[in-house]
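Engineer: Can you read through this structure? Questions will come right after.
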C-alpha cells in the first residue's frame with residue numbers, strides 16, 4: 089500500500105479540524121473525520137461528530153463500509169483531528185480501513201476536556217485496539233506540528249461548556 093506524503097497528511101488533518109469546527113456550528117462536539125481514496129487526493133466522505141455514540145470516525149466508517157468493498161477500504165486513509173477512541177478504533181477495524189492518521193492524542197484531549205461529563209475520555213489508545221486485532225492497520229500520529237490549532241478548537245469549546 090503506497091503512503092500519503094507528509095503534505096497530504098497535513099492538508100487532510102487540517103480539513104478534519106475544519107470538519108470539527110463544522111460540528112460545533114451544528115451544535116455537536118468538535119470532532120471531524122475525512123476518508124480519502126487510495127490515490128491520496130480524492131475525498132470520499134467527511135463526517136462531523138453527531139453525539140456520544142455516533143462519533144465522527146465511527147459514523148464515517150459505518151457509512152463507508154456500506155458504500156465500498158472491504159478490499160477498497162483497506163487502501164483508504166481515515167484522517168481525524170483527535171486520535172480515535174476505542175469505540176471508533178473498533179469500528180474502523182471492522183470497516184477494514186487500512187490506515188488512520190491523527191493529529192492529537194486522546195491523552196491530550198483529556199487535558200482539554202478535563203473531567204467533563206459530556207466527554208468522559210477513555211484512556212485506551214487506538215494503537216492498543218489495533219494491536220489486539222488480526223489486521224495490520226497502519227496508525228500514524230500524533231502530528232505534533234498541528235497540535236496547537238487542534239488544541240485551540242478543543243480547549244475553546246470545552247471551556248465554554
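In my numbering, the protein residues as written are 89 to 249. Just so it is clear, CB atoms sit at the ideal spot from N, CA and C, and this is done for glycine as well.
I'd like to know if the segment 99-108 and the segment 167-178 are in contact, where contact means that at least 3 CB-CB pairs between them fall below 8 Å.
Structural biologist: They touch, by the three-pair rule.
Engineer: Suppose contacts are defined by Cβ-Cβ distances below 7 Å. Is residue 188 in contact with residue 97 by that definition?
Structural biologist: Numbered from its first residue, the chain shown carries residue 188 at position 100. Numbered from its first residue, the chain shown carries residue 97 at position 9. Contact: no.
Engineer: Which residues share a DSSP beta bridge with residue 133?
Structural biologist: Position 45 of the chain shown holds residue 133. DSSP, once it has assigned bridges, lists 123 as partnering residue 133.
Engineer: So the beta strand (DSSP E) residue 167 belongs to, where does it begin and stop?
Structural biologist: Along the chain shown, one-based indexing puts residue 167 at 79. Counting along the chain, the beta strand (DSSP E) containing residue 167 begins and ends at 165-170.
Engineer: I'd like to check one pair, residue 124 with residue 134: are the Cβ atoms closer than 7 Å?
Structural biologist: Along the chain shown, one-based indexing puts residue 134 at 46. Along the chain shown, one-based indexing puts residue 124 at 36. The answer is no: Cβ separation not under 7 Å.
Engineer: What are the boundary residues of the alpha helix (DSSP H) that residue 103 is part of?
Structural biologist: For the purposes of this step, residue 103 is taken as the residue at position 15 of the chain shown. Residues 94-113.
Engineer: Rounded to whole angstroms, what is the Cα-Cα separation between residue 178 and residue 159?
Structural biologist: Walking along the chain shown from the start, residue 178 turns up at place 90. Walking along the chain shown from the start, residue 159 turns up at place 71. Approximately 18 Å between the Cα atoms of the pair.
Engineer: Using C-beta distances below 7 Å, list every residue in its chain close to residue 175, excluding the 5 sequence neighbours before and after it, in chain order.
Structural biologist: As a working mapping, residue 175 is identified with position 87 in the chain shown. So the qualifying residues of the chain are 143, 146.
Engineer: Spatial neighbours of residue 132 within its chain, please: C-beta separation below 6 Å, excluding the five flanking residues on both sides.
Structural biologist: Locating residue 132 in the chain shown gives position 44, where the first residue counts as 1. Closer than 6 Å at Cβ, skipping near neighbours: 123, 125.
Engineer: Note the first and the last residue of the continuous alpha helix (DSSP H) segment covering residue 145.
Structural biologist: In the chain shown, residue 145 corresponds to position 57, counting from 1. From DSSP, the alpha helix (DSSP H) with residue 145 extends over 144-155.
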